[in-house]
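Visitor: Protein sequence lines, in the order shown, are assigned to chains A and B. For the first sequence, the numbering used here puts the final residue at 684, and the numbers step up evenly by one. For the second sequence, the numbering used here puts the final residue at 684, and the numbers step up evenly by one. Note that beta-carbon positions come from the ideal geometry of N, C-alpha and C, so glycine has one too.
Protein chains: 2
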Amino acid sequence: MKRQIIMLGIALAMPITTSACSRGDVDTSGEAKPAQEDQAAPSGGEATSAQSPDEIAKARNLSPADVSAALKTYMPSGRHDEYVQFASSGHGGQVLAIGLPSMRLLKMIATFSPEPWQGYGYGAKSTMDTLNGGNAGDKELRWADDHHPALSETAGDYDGQFLFIGDKANARVAVIDLRDFETKQIVKNPISNIDHGGMFVTPDTEWVVEGGQYAMPLGGGYAPMEDYKEKYRGHITFWKFDRAAGRIDMAKSFAMEVPPYWQDLCDSGKKGSTGWVFCNSINTELATGKADKDGVNFESGVSQNDMDFLHVVNLKKAEELVAAGKTTEINGFNVLPLDTAAAEGALYFIPEPKSPHGADVTPGGEYIVVGGKLDQNATVYSFQKIQDAIAAGGLDKDDYGVPIIPFDKAMEAQVQLGLGPLHTQFDDKGFAYTSLFLDSAVAKWSLGGDYRKDGLEPWKLVTKTPVQYNIGHLATAEGDTVSPDGHYLVAMNKWAIDRFQNVGPLVPQNFQLLDLDQPEPDKMPVIYDAPIGVGEPHYAQIIKADKLKGWEKYPEIGWDTDKMAKDPDAPLTGTERVERDGNKVTIYMTAIRSHFTPERIEVNVGDEVTLKITNVEQTYDATHGFAVPIYNLNLSLEPGETQTVEFTADRAGVYPFYCTEFCSALHLEMVGYLLVKDTPAAQ
Amino acid sequence: MKRQIIMLGIALAMPITTSACSRGDVDTSGEAKPAQEDQAAPSGGEATSAQSPDEIAKARNLSPADVSAALKTYMPSGRHDEYVQFASSGHGGQVLAIGLPSMRLLKMIATFSPEPWQGYGYGAKSTMDTLNGGNAGDKELRWADDHHPALSETAGDYDGQFLFIGDKANARVAVIDLRDFETKQIVKNPISNIDHGGMFVTPDTEWVVEGGQYAMPLGGGYAPMEDYKEKYRGHITFWKFDRAAGRIDMAKSFAMEVPPYWQDLCDSGKKGSTGWVFCNSINTELATGKADKDGVNFESGVSQNDMDFLHVVNLKKAEELVAAGKTTEINGFNVLPLDTAAAEGALYFIPEPKSPHGADVTPGGEYIVVGGKLDQNATVYSFQKIQDAIAAGGLDKDDYGVPIIPFDKAMEAQVQLGLGPLHTQFDDKGFAYTSLFLDSAVAKWSLGGDYRKDGLEPWKLVTKTPVQYNIGHLATAEGDTVSPDGHYLVAMNKWAIDRFQNVGPLVPQNFQLLDLDQPEPDKMPVIYDAPIGVGEPHYAQIIKADKLKGWEKYPEIGWDTDKMAKDPDAPLTGTERVERDGNKVTIYMTAIRSHFTPERIEVNVGDEVTLKITNVEQTYDATHGFAVPIYNLNLSLEPGETQTVEFTADRAGVYPFYCTEFCSALHLEMVGYLLVKDTPAAQ
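1. Run the CB neighbour count on residue 534 (chain A), radius 10 Å, all protein chains shown included, and call it buried at 16 or more, exposed below.
2. Starting from residue 133 (chain A), follow the alpha helix (DSSP H) in both directions and report where the run begins and ends.
3. What distance in whole Å lies between the Cβ atoms of residue 87 (chain B) and residue 98 (chain B), which are believed to be in contact at a cut-off of 8 angstroms?
4. Please state the DSSP three-state secondary structure of residue 51 (chain B).
5. Quick one: list the residues of chain A neighbouring residue 673 (chain B), beta-carbon separation under 9 angstroms, in chain order.
6. Let me check understanding here. Comparing Cα to Cα, which of B:639, B:528, B:612 lies closest to residue 554 (chain B)?
7. Just the chain B side, please: which residues come within less than 9 angstroms of residue 127 (chain A) by C-beta, in chain order?
8. For residue 219 (chain B), which residues in chain A fall below 9 angstroms Cβ to Cβ?
9. Could you tell me how far apart the beta carbons of residue 598 (chain B) and residue 635 (chain B) are, in whole angstroms, since I believe they sit closer than 8 angstroms?
10. Measure the Cβ-Cβ separation of residue 348 (chain B) and residue 403 (chain B) and say whether it is below 9 angstroms.
11. Applying a beta-carbon distance threshold of less than 9 angstroms, which residues of chain B neighbour residue 1 (chain A)?
12. In whole angstroms, what separates the C-alpha of residue 411 (chain A) from that of residue 353 (chain A)?
13. Grab me the residues of residue 31 (chain A)'s own chain with a C-beta within less than 6 angstroms of its C-beta, minus the 5 sequence neighbours each way, in chain order.
14. Using Cβ-Cβ distances below 8 angstroms, what residues of the stretch 218 to 241 of chain A are close to chain B?
15. In chain order, what residues of the same chain have a beta carbon less than 6 angstroms from the beta carbon of residue 343 (chain A), not counting five sequence neighbours either side?
16. Residues of the stretch 63 to 79 of chain A in Cβ contact with chain B at a cutoff of 9 angstroms, in chain order, please.
17. Shortest alpha-carbon distance to residue 185 (chain B) belongs to which of B:644, B:562, B:196?
18. Quick check for students: name the residue ranges of the beta strand (DSSP E) that lie wholly in the stretch 489 to 517 of chain B, counting only runs of 3 or more.
19. Please decide whether residue 679 (chain A) counts as near chain B, where near means a Cβ-Cβ distance under 9 angstroms.
20. Rounded to a whole number of angstroms, what is the C-alpha to C-alpha distance between residue 433 (chain A) and residue 377 (chain A)?
21. List in chain order: all unbroken beta strand (DSSP E) runs of 3+ residues lying wholly within the stretch 141 to 176 of chain B.
22. Assuming the contact rule is C-beta atoms closer than 8 angstroms, residue 428 (chain A) and residue 477 (chain A) should be a hit. Round their C-beta distance to whole Å, please.
23. Along the chain, where does the beta strand (DSSP E) that runs through residue 348 (chain B) open and close?
24. Grab me the residues of residue 116 (chain B)'s own chain with a C-beta within less than 8 angstroms of its C-beta, minus the 5 sequence neighbours each way, in chain order.
25. Pull the bridge partners of residue 467 (chain B) from the DSSP assignment, please.
26. Would DSSP call residue 388 (chain A) helix, strand or coil?
27. In the DSSP assignment, find the unbroken alpha helix (DSSP H) run with residue 302 (chain B) in it and report its ends.
28. Is it right to say residue 578 (chain B) is buried, meaning 16 or more other beta carbons lie within 10 angstroms of its own, or is it exposed?
29. Between residue 368 (chain B) and residue 413 (chain B), how many whole angstroms is the CB-CB distance? I'm expecting something under 8 angstroms.
30. Does any CB atom of chain A fall closer than 9 angstroms to the CB of residue 109 (chain B)?
31. Would you call residue 620 (chain A) buried or exposed, if buried means 16 or more other Cβ atoms sit within 10 Å of its Cβ?
32. Are the C-beta of residue 303 (chain A) and some C-beta of chain B separated by less than 9 angstroms?
33. Along the chain, which unbroken stretches of the alpha helix (DSSP H) at least 4 residues long are found entirely within the stretch 317 to 376 of chain A?
34. Kindly provide the ranges of any beta strand (DSSP E) runs that are 3 or more residues long and lie completely inside the stretch 555 to 617 of chain A, ordered along the chain.
35. Which residue from A:581, A:310, A:612, A:585 puts its Cα closest to that of residue 283 (chain A)?
36. What does a CB cutoff of less than 7 angstroms around residue 585 (chain B) pick up in its chain, not counting 5 residues either side in sequence?
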């Protein structure tokens with residue numbers, strides 16, 4: 002086994018420079034699988050005038066399985082999807098809301114990157130404030146590599162109120178309010194430049210957990226890599242969420258200092274294991290990479306040990322230590338020192354094979370499933386066994402003084418699945434589903450313990466479905482909650498190669514929908530291929546659509562979308578006006594089908610202009626835009642919304658401002674003129 | 002008729018502030034139609050374990066029409082779509098590539114707005130240069146309201162080589178190369194701040210035509226609106242396209258000065274009418290809007306006249322005048338003066354009813370179809386009659402000296418379609434399809450002349466299909482070329498209201514696919530509803546997928562995506578190095594699964610860093626990202642691509658740079674460290 006793992010590691014380290022992967026041939030790195038010619042070929046599927054199902058299927062060369070898949074995923078005109086999948090868009094920096102089973106993209110939610118259709122980052126003050134809240138000091142950050150969305154939970158179930166998303170590239174967290182599907186807050190981690198973007202909540206959303214990744218000197222200072230072991234550190238950050246305010250409370254948040262093993266995915270305990278958090282790590286080798294000529298590449302250096310360390314955090318204990326003031330401050334942020342966490346029983350390690358990615362807690366909270374991506378097994382740890390081992394005491398410690406729970410004392414089972422297990426989710430019938438990157442497959446396997454009242458053999462592989470290609474994460478319907486739904490699984494494949502019409506060398510991702518409702522337990526066919534051409538989604542959660550209670554319009558005309566309350570200073574019908582105070586001009590404007598009031602504004606060059614505008618409509622979908630040419634300004638004003646935009650009229654000329662949302666038959670006529678006189682502004 | 006039009010205008014001017022529109026009830030402004038409860042209801046569609054088509058249809062409550070629609074639009078795993086629709090994303094500022102008939106979004110092509118997944122506008126020099134090329138002097142423009150995509154044509158047919166897209170908000174044009182689906186050029190119109198975003202090409206793409214819109218003093222200076230008639234002007238700009246260079250040639254381009262009637266959509270002549278261009282206008286009233294208290298709103302002021310002016314441009318004549326040097330220069334740009342164009346026979350007017358939107362030339366070039374959005378008819382003009390009237394001479398002139406061809410001398414037919422005709426496209430059987438905004442319907446009607454060899458009555462409404470709701474533009478397969486395909490029509494609806502799962506007050510657009518292959522000519526059912534949650538697409542063109550020859554990878558390792566040639570200075574495997582010259586550091590780096598070379602870089606704070614990086618892979622889909630935390634940098638490196646990024650290392654610290662594209666099982670290990678020493682840089 003050990004030799005096999007090492008050989009695999011070597012194979013993976015070998016780069017592929019041939020075009021063997023093209024057209025989906027076998028890639029010897031295991032990073033692509035053969036395409037079935039009858040599928041990958043663009044032939045078939047032509048338009049047909051046939052009408053009967055049989056005639057259409059024949060004309061379009063649809064197999065009986067295709068027909069079933071079509072009928073299981075098609076949404077008739079006007080009918081709503083049953084589930085909504087919230088997926089990160091990876092280095093797109095946004096969040097995608099996708100309907101299931103149709104796999105239609107319902108909305109890209111602007112989060113970390115400016116997006117003009119939503120008026121996000123193009124002048125609207127509330128959005129500029131949100132984006133600037135995520136800056137790193139004087140560094141203006143306008144993108145993210147968002148990895149892990151986390152829906153807010155109540156008693157371990159999604160409640161449909163908030164969505165959190167982590168930015169791996171800059172160690173940040175965003176908060177999205179699911180009443181209006183808008184990003185309300187971005188917080189920057191003060192002690193780290195980077196993390197894994199891992200975002201998980203505790204069962205009642207008291208804490209939003211951010212796992213770290215590449216180690217660095219906490220606080221952001223410089224230290225040579227020769228001092229890696231002494232001066233570089235990892236972190237696990239616990240953000241306190243104030244549900245009433247709908248905001249993360251920085252002052253009540255804290256980080257736990259951990260060794261410079263690269264922390265990876267985390268999951269929170271559930272039910273009986275509530276109050277505990279579990280995080281993987283992948284660089285217990287303390288590799289520091291290849292300098293100009295000497296040393297070994299990270300890919301090899303990080304893959305030497307057969308075992309890394311599962312981090313087991315007693316969050317309740319950590320909270321006590323923080324409350325007792327046993328923290329230090331780094332850049333004004335509370336940090337629980339490593340030696341304190343280790344000495345006081347807030348942090349334990351358990352060996353885990355090998356370079357793991359996912360650590361996933363079963364719905365009942367009894368087990369933690371770890372997928373070692375250079376291993377062939379899903380390794381299952383028992384929470385009770387972990388507690389017993391801690392109680393028994395007498396634990397060895399690692400170089401940093403962290404107690405190590407022996408592997409065999411905590412391990413419940415190992416289930417051989419195949420090559421490259423990454424991430425596991427669950428269904429409502431006691432089965433687990435694990436993505437296999439190297440096999441390009443999804444594995445279904447049986448849990449044990451109380452999950453096996455059906456007499457099936459526990460801890461055993463049931464079946465595998467090939468996916469195209471190289472699946473990263475997967476998501477099942479409410480599959481990481483205390484009550485998964487089953488029904489659907491989405492394979493989030495990283496490579497698509499030729500599965501879709503060519504749209505250039507940058508290829509869309511491939512989300513594949515798998516049907517979990519087959520009568521035979523060993524069947525879970527792919528029933529839909531969805532190209533994702535707006536980013537590289539990393540992870541997703543799938544919520545029952547009827548849990549979402551999005552607003553159709555804002556509750557009152559003159560709504561402040563930051564405070565989520567009526568703005569007492571909002572312009573309303575009849576109160577439109579222009580106020581001047583020296584070179585300061587304040588415009589109170591309204592928008593309604595199909596005109597702005599006022600329609601003509603004259604200012605002097607140099608004037609500092611503040612424009613407040615209200616969309617006074619209360620009709621669902623009666624959105625208006627407001628754009629000023631050349632000044633790089635565009636607002637999206639949903640019914641009732643008030644926004645403020647500030648700019649200096651520093652260029653003379655004539656600027657027709659207009660509604661950018663096609664709102665009515667006279668939309669083209671919804672325009673006004675901003676005239677900037679070339680006479681100097683009054684002082 | 003006249004009274005009816007005026008009443009309609011008044012009705013439209015009445016704003017709706019009730020929530021009558023909510024849940025899709027009738028909106029008395031005509032801006033939404035009732036939703037059919039059996040469709041709008043979210044019920045039905047649940048997951049089912051049924052397997053046979055009949056059982057699934059029963060369990061999911063699918064009608065026979067739903068079943069046919071599902072089978073006509075479903076694409077089996079791996080099968081390619083038959084057509085690709087290129088849609089603008091409106092004020093999203095990007096272009097959407099959508100597969101038909103599945104309506105799946107294949108890619109959002111970054112165009113005017115930065116997009117980090119594509120590495121567009123986040124440090125990659127070629128993309129920064131493209132974006133900055135579209136700036137307005139010192140005004141950095143980072144979004145657009147893109148309206149009209151135009152595919153390059155050869156002999157009047159799409160050739161799949163280039164895509165042009167216009168920015169209404171800032172009067173700009175972008176050029177996308179369909180070999181790699183990347184934006185290569187953005188040009189700013191030097192004489193105007195705004196246009197309609199109308200983008201149309203001549204049959205061999207010699208010219209890309211940009212129609213103007215809201216009048217202003219050409220060149221961008223200030224003039225009071227009291228001088229509107231004298232000092233404000235419209236324009237139609239003709240951009241010269243150099244196909245070999247793949248770029249617009251600014252020096253050989255020119256604009257035609259036209260009266261301050263708001264120019265709207267244009268279309269180019271085809272076949273016999275090649276060399277002529279036709280543009281609508283909508284403000285022959287010369288309305289100047291409502292100042293603080295006095296005056297009338299634009300929506301009313303612009304809607305007074307029963308007739309506006311179709312602009313008929315003799316492009317060949319205009320070219321001759323430009324060649325003869327009869328132009329003036331405004332901001333260094335060639336402008337053909339209005340009086341010259343009018344006197345020399347380069348510009349004519351024809352009355353057109355009423356506040357029209359689309360001017361669309363039939364496939365054979367014989368007719369121009371105008372939809373007057375406050376009229377009930379499609380008005381058809383005969384190119385031959387226009388030529389005869391011009392030859393006959395003795396034409397009256399408008400106030401600006403432009404000859405006016407009498408309506409009845411040029412009109413071939415009027416076809417009563419319904420309320421709010423906007424835009425017309427064609428099929429391969431002699432039928433036209435017109436969007437009706439106020440009726441929320443698509444009208445199919447018969448052309449006459451040589452199109453009617455089937456004995457059907459010419460110039461007659463055939464049928465209407467209701468759409469949900471308020472259709473703006475529509476597109477049929479290759480429907481504005483000399484050889485339309487038929488088969489599919491996409492209704493680009495502006496309102497969706499409750500057609501999709503609620504995702505907040507900002508509602509996605511609704512693209513509906515209509516089937517044109519029904520045996521009965523009076524049937525064209527909606528067979529798919531596609532939510533568009535990434536912008537407000539305005540217009541689209543649909544091309545046969547097999548005409549697109551996108552690259553799977555760049556032809557050579559070390560590819561310069563701007564010059565579309567190998568970069569002789571590109572770092573290659575074995576030539577990686579770091580060069581220092583005082584405080585200037587140049588890094589030559591390569592990326593390959595799964596490591597960067599070099600992996601560790603030390604610089605001093607203050608160093609000016611130039612990093613050149615090549616993705617040396619040649620495997621289809623083997624893309625690597627390159628991100629530097631905190632410095633707001635992310636590149637997307639497709640196989641073979643070389644990019645350059647320049648930044649000043651102005652903050653000391655440790656910055657793990659890493660691959661942002663999940664490229665291999667050891668993707669997480671594809672990382673390096675940029676160390677910025679807090680010692681001052683050498684001078």
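Guide: For this structure:
1. Here residue 534 (chain A) is buried, its C-beta having at least 16 other C-beta atoms within 10 Å.
2. 126 to 134 is the extent of the alpha helix (DSSP H) around residue 133 (chain A).
3. 6 angstroms between Cβ atoms; contact.
4. Coil at residue 51 (chain B), not helix or strand.
5. Within 9 angstroms Cβ-Cβ: 290, 291, 299.
6. Check the Cα spacing between residue 554 (chain B) and each of B:639, B:528, B:612: the tightest is with B:639.
7. Below the 9 angstroms Cβ cutoff, chain B contributes no neighbours of residue 127 (chain A), its closest Cβ being approximately 14 angstroms away.
8. Those do not exist, as residue 219 (chain B) stays about 10 angstroms from chain A at its closest Cβ, beyond 9 angstroms.
9. For residue 598 (chain B) against residue 635 (chain B), the beta-carbon gap comes to about 19 angstroms, at or over 8 angstroms, which does not count as contact.
10. By the CB criterion at 9 angstroms, residue 348 (chain B) and residue 403 (chain B) fall inside the cutoff.
11. Here chain A covers residues 2 to 684 and nothing more, so residue 1 (chain A) does not appear.
12. Cα to Cα, the separation comes out at about 10 angstroms.
13. Caution is warranted here: a pLDDT of 41 is assigned to residue 31 (chain A), below 50, making its placement in the model unreliable, and the coordinate value is therefore given only provisionally. If we look at residue 31 (chain A) and ignore the five residues flanking it on each side, its Cβ neighbours are 439.
14. Cβ contacts with chain B come from 218, 221, 222, 223, 224, 225, 226, 233.
15. Result list for residue 343 (chain A): 402, 403, in chain order.
16. Under the 9 angstroms Cβ criterion, the stretch 63 to 79 of chain A contributes 63, 64, 65, 66, 67, 68, 69, 70, 71, 72, 73, 74, 75, 76, 77, 78, 79.
17. Ranking B:644, B:562, B:196 by CA distance to the CA of residue 185 (chain B) puts B:562 first.
18. 510 to 516, all fully within the stretch 489 to 517 of chain B.
19. Yes, residue 679 (chain A) lies at the interface with chain B (some Cβ there is under 9 angstroms from its Cβ).
20. Inter-residue distance for residue 433 (chain A) and residue 377 (chain A) is about 16 angstroms (C-alpha atoms, whole angstroms).
21. Uninterrupted beta strand (DSSP E) stretches at least 3 residues long and entirely within the stretch 141 to 176 of chain B occur at 147 to 155, 158 to 168, given in chain order.
22. Right, their Cβ atoms sit about 6 angstroms apart.
23. Per DSSP, the unbroken beta strand (DSSP E) holding residue 348 (chain B) starts and ends at 348 to 353.
24. Result list for residue 116 (chain B): 95, 109, 122, in chain order.
25. Note: residue 467 (chain B) sits in a beta bridge opposite B:442.
26. The answer is helix: DSSP assigns residue 388 (chain A) an H, G or I state.
27. Run containing residue 302 (chain B): 299 to 302, per the alpha helix (DSSP H) assignment.
28. Around the beta-carbon of residue 578 (chain B), fewer than 16 other beta-carbon atoms lie within 10 Å, marking it exposed.
29. That pair is a contact at about 6 angstroms.
30. Chain A contact via Cβ: present.
31. Burial is judged here by how many other beta carbons sit within 10 angstroms of a residue's own beta carbon; residue 620 (chain A) has at least 16 and is buried.
32. Chain B, which has a Cβ nearer than 9 angstroms to the Cβ of residue 303 (chain A), makes this yes.
33. DSSP runs (the alpha helix (DSSP H)) wholly in the stretch 317 to 376 of chain A: 339 to 344.
34. Listed in chain order, they are 578 to 582, 585 to 593, 596 to 598, 601 to 606, 609 to 616.
35. It is A:310.
36. Here the set comprises 609.
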